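A.B. asks: Have a look at this one before I ask anything.
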Amino acid sequence: MRRVYAVGASMIRIDEYWGESLDSLASQLVDGLFSLAPPKIDAVFVANAFGEVLQSQSNLGAIIAEDLGLAGVAAYRVEAGEASGAAALHAAYQSIGAGLADTVLVVGVEKLSDASPEEATAALSLSERYDYVGYQGIPQQAIASMMYAQYLRRYEVPQEMVAQIPVLMHEHAANSPHAQYRFKISLESVLSSPPVAEPLRRLECAGLGDGAAALLLCSSDALSSIRHDEVAELAGMACSTDVVTPFDREDPLRLGAASRAFEEALARAGTDRKELKVLEIHDSYSIIGCLILESIGLSEPGKSGLDVKRGKYGLGGELALNTFGGLKARGHPCGATGVYQAAELFLQLTGRAGNCQVDDARVGAMINLAGLASCGFAAVMKVRGV
Amino acid sequence: MPKLKDVFIQGYGAYIPSLRIKASEIGRVWGVGDSELPVKEKAVNNYDEDTATMAVESAKYALARAGIDRGRIGAVYVGSESHPYAVKPTGTIVAEALGVSNMTLAADLEFACKAGTEAIQIVSGLVSSGMIELGLAIGSDTAQGRPRDALEYTAAAGAAAFVIGGKRNDPVAEIEASRSYVSDTPDFWRRSYERYPVHGHRFTAAPAYFHHITSSVKTILGEGYSLSDFTYVVFHQPNTKFPFAAAKMLGIPPEKVEPGVVCHVVGNTYAGSALLGLCKVLDRAKPQDKILVASYGSGAGSDALVINVLEGIEGKRGLAPTVEDLVGRRRYIDYALYLRARNKIRLQ
Numbered sequence: 005m006r007r008v009y010a011v012g013a014s015m016i017r018i019d020e021y022w023g024e025s026l027d028s029l030a031s032q033l034v035d036g037l038f039s040l041a042p043p044k045i046d047a048v049f050v051a052n053a054f055g056e057v058l059q060s061q062s063n064l065g066a067i068i069a070e071d072l073g074l075a076g077v078a079a080y081r082v083e084a085g086e087a088s089g090a091a092a093l094h095a096a097y098q099s100i101g102a103g104l105a106d107t108v109l110v111v112g113v114e115k116l117s118d119a120s121p122e123e124a125t126a127a128l129s130l131s132e133r134y135d136y137v138g139y140q141g142i143p144q145q146a147i148a149s150m151m152y153a154q155y156l157r158r159y160e161v162p163q164e165m166v167a168q169i170p171v172l173m174h175e176h177a178a179n180s181p182h183a184q185y186r187f188k189i190s191l192e193s194v195l196s197s198p199p200v201a202e203p204l205r206r207l208e209c210a211g212l213g214d215g216a217a218a219l220l221l222c223s224s225d226a227l228s229s230i231r232h233d234e235v236a237e238l239a240g241m242a243c244s245t246d247v248v249t250p251f252d253r254e255d256p257l258r259l260g261a262a263s264r265a266f267e268e269a270l271a272r273a274g275t276d277r278k279e280l281k282v283l284e285i286h287d288s289y290s291i292i293g294c295l296i297l298e299s300i301g302l303s304e305p306g307k308s309g310l311d312v313k314r315g316k317y318g319l320g321g322e323l324a325l326n327t328f329g330g331l332k333a334r335g336h337p338c339g340a341t342g343v344y345q346a347a348e349l350f351l352q353l354t355g356r357a358g359n360c361q362v363d364d365a366r367v368g369a370m371i372n373l374a375g376l377a378s379c380g381f382a383a384v385m386k387v388r389g390v
Numbered sequence: 049m050p051k052l053k054d055v056f057i058q059g060y061g062a063y064i065p066s067l068r069i070k071a072s073e074i075g076r077v078w079g080v081g082d083s084e085l086p087v088k089e090k091a092v093n094n095y096d097e098d099t100a101t102m103a104v105e106s107a108k109y110a111l112a113r114a115g116i117d118r119g120r121i122g123a124v125y126v127g128s129e130s131h132p133y134a135v136k137p138t139g140t141i142v143a144e145a146l147g148v149s150n151m152t153l154a155a156d157l158e159f160a161c162k163a164g165t166e167a168i169q170i171v172s173g174l175v176s177s178g179m180i181e182l183g184l185a186i187g188s189d190t191a192q193g194r195p196r197d198a199l200e201y202t203a204a205a206g207a208a209a210f211v212i213g214g215k216r217n218d219p220v221a222e223i224e225a226s227r228s229y230v231s232d233t234p235d236f237w238r239r240s241y242e243r244y245p246v247h248g249h250r251f252t253a254a255p256a257y258f259h260h261i262t263s264s265v266k267t268i269l270g271e272g273y274s275l276s277d278f279t280y281v282v283f284h285q286p287n288t289k290f291p292f293a294a295a296k297m298l299g300i301p302p303e304k305v306e307p308g309v310v311c312h313v314v315g316n317t318y319a320g321s322a323l324l325g326l327c328k329v330l331d332r333a334k335p336q337d338k339i340l341v342a343s344y345g346s347g348a349g350s351d352a353l354v355i356n357v358l359e360g361i362e363g364k365r366g367l368a369p370t371v372e373d374l375v376g377r378r379r380y381i382d383y384a385l386y387l388r389a390r391n392k393i394r395l396q
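Taken in order, these protein sequences are the chains called A and B.
Just so we're aligned, residue 5 is where the first sequence starts under the numbering used here, counting upward by one.
Just so we're aligned, residue 49 is where the second sequence starts under the numbering used here, counting upward by one.
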């Protein structure tokens, strides 16, 4: 397989853009991407989860390609629930790796502010089996809360430990220019926020916002023809699925899709988890953040909250976690989230993460999930030549 | 737009029905904790009270303070989003009940929560132009909130009325300037034949309430005012947080806003909301105080008014109940009696 490189990224701040549309959000990416000489693009992969449901809009491949001034290019819309962003990245990675394209643009765009809170909850729950839970009116948060309750019981961990995750996310987002919630929160405020579904509290759930992000990828052949200041290698990427409903799995507290994708991505990249300095994970709910860290073997079962508390995952820690605030505080524009994660890794590895920069960030990884880890994508990015 | 010339408030009156329901009682029914409640309690009209009867009550108090011959009233404008009839004016019911001359202008206004300040603007224009000598501008509402909706905690009942005329009879205040800011913003609406309004959740905040209020205030400041000119600032009050948040955005200290806040104990009285706040400030203001009022109506718009308090306030204030008096005259009901008072129990 050919090597794949990231050569440019563009993001807008995640927010509630009442006056914008899917295409106007995506159009704002152009300046950040093509400020240098616009390259010849072979294909555009557009990640979006809810266009049909919330904007009555499908065919976003062609639509967004035109909005970016790229009409004529091959274009695809990729949907894999909240992991649509990483799924689009994976498609682009495979396309370049297979030699079918040299330069590919991955765009993630989502607009959740068009939905009422009830509609947004219903949209999120689309990633679960409709005839199993959606039809019964069971939202995703309710299932996450059951995983949370089981976690607290099994490991005899107080909620204060799991709730460390959102506190850390806001700490990182405070310096993040594209984060939706750029302020710190206290552990007390998390624990006293209104319950969404006991024990899950409101401030343990990712903020839903509007966002658009893009990453420009190319092959080593195209690298020489692209004017670029910095380059990072998308060194390995993988996908794995799981039994969709967590309580049908052998162990609902082990996220197999995340761990399998992560292992395979590391292997493809020819690296080890010990090399990682930066990790972007899918903390859709505090408990899911903990379960990812434990499922991929970075924290002992039941100990991830304690590791957060002890500073293991801080910007100056052993492994910097969600350096721009993660889903909780950077924001979670569902279908675009994976592209934000990849763009953030790119900024870290090219030394352009500003106040969120992690020293000596040479290898980083991301994990983007659909639903409650029924589908997981992992990617490993490296500084070129590592 | 030039400043208004010779437009004075001759008398003002508030009306708040006596029934109250605590927000915690509504929260008890729907399983919502105290920390999430937007107000402490709200005023509820009983089954024999509506927008017209409350408009009449507030106007009676305004006329008592104005001390004028009702026969000289040349206009009755009632702003509300809960007029009792879809077709048939509230203004005529109110005029007739008050014993105002039949040779009067009368009309109903609707602009969600800002129909009351609109009535003031229209009557001010009529007075300023000389078309009428005296007019009544009233904001009155028995707001509807769908059971379990966020609005159920705040949608309340109340009214405020102002007798506006030229400078005779020792006026309580002068309306010096008025500006508005409107846009097509669908944050809250109720279509014909629908019982309850719908709202756009968080969309009702930044692009709706805050954008329009800050815009109308900035527009009127452009007439040559500075925020430091104002002793009091009164905003529309859909909940306790919003007026203080708007003040913070504009750099207005909370001490100037707090005296005009009534929603924590009365709820959101829609077209009566900012006007009840104005009445509460007039209850304590001194001559030469300057008051900035900015209403907000969904759909959307905000009217800003600059009001100068005059010497007449001292002699007229005591001629009718104050807002504080009306807030204190209360009887608590539980959710069951609330359903009965608001005609929410299906009998067949």
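Where a beta carbon is used, it is the ideal one built from N, C-alpha and C, also for glycine.
This one's a predicted model, so the numbers in the text were calculated from it and none came from an experiment.
For A:N359, which of helix, strand or coil comes out of DSSP?
C.D. replies: Here residue 359 of chain A refers to the residue found at position 355 of the first sequence. Reduced to three states, the DSSP call for A:N359 is helix.
A.B. asks: Flag this pair as touching only if the stretch 268-284 of chain A and the stretch 377-386 of chain A have three or more C-beta atom pairs under 8 Å; answer yes or no.
C.D. replies: yes
A.B. asks: Between the alpha carbons of B:P219 and B:V55, how many angstroms are there, rounded?
C.D. replies: Walking along the second sequence from the start, residue 219 of chain B turns up at place 171. Walking along the second sequence from the start, residue 55 of chain B turns up at place 7. Going from the Cα of B:P219 to the Cα of B:V55 covers about 10 Å.
A.B. asks: Which ranges does the beta strand (DSSP E) cover as unbroken runs of at least 3 residues, wholly within the stretch 5-91 of chain A, from first to last along the chain?
C.D. replies: 8-15, 47-51, 78-82
A.B. asks: With a Cβ-Cβ cutoff of 9 Å, do B:R377 and B:I64 count as a contact?
C.D. replies: Start at 1 with the first residue of the second sequence, and residue 377 of chain B comes out as number 329. Start at 1 with the first residue of the second sequence, and residue 64 of chain B comes out as number 16. Yes, the Cβ-Cβ distance between B:R377 and B:I64 is below 9 Å.
A.B. asks: Give me the Cα-Cα distance between A:L156 and A:S290, rounded to the nearest whole angstrom.
C.D. replies: Taking the first residue of the first sequence as position 1, residue 156 of chain A is located at position 152. Taking the first residue of the first sequence as position 1, residue 290 of chain A is located at position 286. C-alpha separation (whole angstroms): 12 Å.
A.B. asks: Answer yes or no: does any C-beta atom of chain B fall closer than 9 Å to that of A:E192?
C.D. replies: Taking the first residue of the first sequence as position 1, residue 192 of chain A is located at position 188. It does not; no Cβ of chain B falls within 9 Å.
A.B. asks: On the criterion of 16 or more Cβ atoms from any shown chain inside 10 Å, does A:P203 qualify as buried, or is it exposed?
C.D. replies: Position 199 of the first sequence holds residue 203 of chain A. Burial call: buried.
A.B. asks: Since B:G81 meets chain A, which of its residues come closer than 9 Å, beta carbon to beta carbon?
C.D. replies: In the second sequence, counting from the first residue as 1, residue 81 of chain B sits at position 33. Those are P198, P199, listed as they occur along chain A.
A.B. asks: Does the contact criterion of 3 or more C-beta pairs under 8 Å hold for the stretch 137-154 of chain A versus the stretch 322-333 of chain A?
C.D. replies: Touching, no.
A.B. asks: If you follow the beta strand (DSSP E) that A:F381 is part of, which residue opens it and which one closes it?
C.D. replies: Reading the first sequence from its first residue, position 377 is the one you call residue 381 of chain A. It spans 379-387 - the beta strand (DSSP E) in which A:F381 sits, taken as one unbroken run.
A.B. asks: Of all the CB atoms in chain A, is at least one closer than 9 Å to the CB of B:H249?
C.D. replies: Walking along the second sequence from the start, residue 249 of chain B turns up at place 201. Closer than 9 Å to some Cβ of chain A, the Cβ of B:H249 qualifies, so yes.
A.B. asks: Please confirm whether A:Y80 and A:G65 have their CB atoms less than 9 Å apart.
C.D. replies: The residue given as residue 80 of chain A occupies position 76 in the first sequence. The residue given as residue 65 of chain A occupies position 61 in the first sequence. Cβ atoms of A:Y80 and A:G65: closer than 9 Å.
A.B. asks: On the CB-based measure, 16 or more other CB atoms within 10 Å of its CB, does B:R390 come out buried or exposed?
C.D. replies: As a first step, residue 390 of chain B is located in the second sequence; it is residue number 342 there, counting from the start. It counts as buried.
A.B. asks: So with Cβ pairs under 9 Å, would you call A:P170 a contact of chain B?
C.D. replies: Within the first sequence, the letter at position 166 stands for residue 170 of chain A. So, not an interface residue.
A.B. asks: Check B:E84 in the structure and name its three-state DSSP category.
C.D. replies: Residue numbering aside, residue 84 of chain B sits at position 36 when the second sequence is read from its first letter. DSSP places B:E84 in helix when its eight states are reduced to three.
A.B. asks: State the DSSP-derived secondary structure class of B:K51, mapped to helix, strand or coil.
C.D. replies: Along the second sequence, one-based indexing puts residue 51 of chain B at 3. Note: B:K51 maps to coil in three-state DSSP.
A.B. asks: Do the CB positions of A:I45 and A:L74 come within less than 9 Å of each other?
C.D. replies: Position 41 of the first sequence holds residue 45 of chain A. Position 70 of the first sequence holds residue 74 of chain A. Result yes, Cβ atoms of A:I45 and A:L74 sit closer than 9 Å.
A.B. asks: Beta-carbon of A:S117 versus every beta-carbon of chain B: anything under 9 Å?
C.D. replies: As a first step, residue 117 of chain A must be located in the first sequence, where it is residue number 113. So yes, A:S117 belongs to the interface.
A.B. asks: Using a Cβ-Cβ cut-off of less than 7 Å, list which residues of the stretch 113-142 of chain A approach chain B; keep chain order.
C.D. replies: S120, P121
A.B. asks: Assess contact between the stretch 219-235 of chain B and the stretch 183-203 of chain B, defined as three or more Cβ pairs (one per stretch) separated by less than 8 Å. Is contact present?
C.D. replies: The stretch 219-235 of chain B vs the stretch 183-203 of chain B: no contact.
A.B. asks: Does the contact criterion of 3 or more C-beta pairs under 8 Å hold for the stretch 331-349 of chain A versus the stretch 184-199 of chain A?
C.D. replies: yes
A.B. asks: Per DSSP, B:R68 is paired with what?
C.D. replies: For the purposes of this step, residue 68 of chain B is identified with residue 20 of the second sequence, where counting begins at 1. By DSSP's assignment, B:R68 forms a beta bridge with B:A91, B:Y380.
A.B. asks: Within 9 Å (strictly less), CB to CB, does A:E24 reach chain B?
C.D. replies: Counting from 1 along the first sequence, the entry for residue 24 of chain A is found at position 20. Using a CB distance cut-off of 9 Å, A:E24 does not count as an interface residue toward chain B.
A.B. asks: Using a C-beta to C-beta distance shorter than 7 Å, which residues of chain B count as neighbours of A:E20?
C.D. replies: Mapped onto the first sequence, residue 20 of chain A falls at position 16. Within chain B, the residues near A:E20 are R250.
A.B. asks: My output table needs one value for A:Y185: the three-state DSSP class, helix, strand or coil.
C.D. replies: Mapped onto the first sequence, residue 185 of chain A falls at position 181. Here A:Y185 sits in coil by DSSP.
A.B. asks: Measuring straight from C-alpha to C-alpha, what distance separates A:K391 and A:Y9?
C.D. replies: This structure cannot settle anything about residue 391 of chain A, because the visible part of chain A is limited to 5 through 390.
A.B. asks: Just the C-alpha distance for A:E123 and A:W22, rounded to the nearest angstrom, thanks.
C.D. replies: Residue numbering aside, residue 123 of chain A sits at position 119 when the first sequence is read from its first letter. Residue numbering aside, residue 22 of chain A sits at position 18 when the first sequence is read from its first letter. Roughly 16 Å between the two C-alpha positions.
A.B. asks: Along the chain, which unbroken stretches of the beta strand (DSSP E) at least 3 residues long are found entirely within the stretch 90-151 of chain B?
C.D. replies: At a cut-off of 3 residues, the continuous stretches assigned as beta strand (DSSP E) that sit fully inside the stretch 90-151 of chain B are 121-127.
A.B. asks: Straight-line CA distance for A:F2 to A:A236?
C.D. replies: Outside the shown range of chain A, which is 5 to 390, sits residue 2 of chain A, and nothing can be said about it.
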